[in-house]
Structures are given as C-alpha cells and as structure tokens.
Amino acid sequence: MSEKNKKTYPVSHYKNGIFLSLLSILSLFLNFYLYSRNTSTENEIFINPSLYSLAVIVLFAFFISIAFFLMGLKNTFFSTKYYELNPSKLIYYIQSSLKSRNNKILFILISSVYFIFFGFLSNLFIFYNHDGTIFSLNLQQPSQLVDKD
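So the sequence shown is residues 2 to 150, counted in the working numbering.
What follows is the structure, given as structure tokens:
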C-alpha cells in the first residue's frame with residue numbers, strides 16, 4: 002500500500018483524550034480540596050453525621066471524574082481510529098504495547114487492583130456505620146481518637 006493511500010487521522014482525537022484526563026484529575030483535586038476545607042476545623046479532622054449528604058456528593062463527583070479520566074485514557078491509548086505511526090514519539094510505544102487484547106485486559110485488571118488497594122490505604126472510601134455515623138477506614142480505634150485530658 003502506497004503512502005498516498007494510507008488513511009490519516011487527526012491528532013485532535015489523541016489530544017482530546019489527554020485533555021479530558023488532565024481535566025478530570027484537576028476536578029478530583031478540587032473536589033477533595035473543597036471537601037477537606039469544609040469538613041476540617043483548623044488541624045483536627047472533623048466529620049459529623051450532618052455532612053453525610055456532602056460526602057455522598059463528593060463521592061458521586063469522584064466517580065464521575067474517574068469515569069471521565071478512564072474515557073480520556075481510552076481515547077488516548079486504546080484509540081481504534083488513531084495510531085501513532087512515528088516511532089520517535091512516546092505514544093507510539095505505549096499504543097503498540099497495548100494493541101494486544103491480553104495486554105489491555107492485564108492493564109485494566111492491574112489498574113483496578115492498584116486503585117482499590119491504595120483507595121483503602123489512603124482512606125478514600127467513606128462508610129456508613131451501624132450507629133448512624135460516618136467514618137473512613139482507618140487503623141485506629143475510635144477510643145484512641147478521643148483526647149483523655
């Protein structure tokens with residue numbers, strides 16, 4: 002097949018994927034920053050049951066941002082319309098390693114396990130307790146969190 006007959010695709014599809022991913026990371030940062038500013042008083046961590054609706058909204062916004070981030074990654078690295086053909090660019094090597102179906106499944110599986118593992122370690126997930134309080138998964142017992150002056 003000659004060079005003139007090859008179909009070329011615009012780079013904008015690839016750049017839109019990167020832009021969407023960066024925008025979703027920025028929105029995640031803003032969500033968690035605003036949430037932490039509204040739930041903390043000075044240096045102490047403060048979460049009370051009345052903030053449950055705020056926690057639900059932040060969690061909902063978090064999952065929407067993650068969905069947009071994954072869509073951006075899909076548009077960038079798993080694009081069926083645009084493959085980088087220039088071996089001097091980094092995206093060429095990333096896309097070529099992810100062309101195989103097995104590599105795509107492995108990438109998605111490892112990314113999911115990584116997200117869940119570090120989500121629990123960084124107290125990202127918020128649970129609703131049996132006594133009506135909201136708590137984050139942490140390693141200290143509630144009795145250790147109360148000052149005994």
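For glycine and all other residues, C-beta sits at the position ideal for the given N, C-alpha and C.
At what residues does the alpha helix (DSSP H) containing L91 begin and finish? L91 to S98
Which of the three DSSP states, helix, strand or coil, is assigned to S66? helix
What is the DSSP secondary structure of S28, counted as helix, strand or coil? helix
Secondary structure at S112, three-state DSSP: helix, strand or coil? helix
Going by beta-carbon coordinates alone, are T22 and L91 separated by less than 8 Å? The question names Thr, but residue 22 in the sequence shown is Ser. No, the Cβ-Cβ distance between S22 and L91 is not below 8 Å.
Grouping DSSP H, G and I as helix and E and B as strand, with all else coil, what is S22? helix
Might you give, ordered along the chain, the residues of its own chain that have their beta carbon closer than 7 Å to the beta carbon of A62, omitting 5 neighbours on each side? N32
Suppose you measure from the CA of S97 to the CA of S112; what does that come to, to the nearest Å? 18 Å
Leaving out the 5 sequence neighbours to the left and right, which residues in its chain are closer than 8 Å to F20 when beta-carbon positions are compared? G73
From this set, L29, F118 and I95, which residue's C-alpha is nearest I67's C-alpha? L29
Other residues of its chain near S25: CB distance less than 6 Å, five sequence neighbours each side excluded: S66, F69 and F70
In whole angstroms, what is the alpha-carbon distance linking N103 and L110? 11 Å
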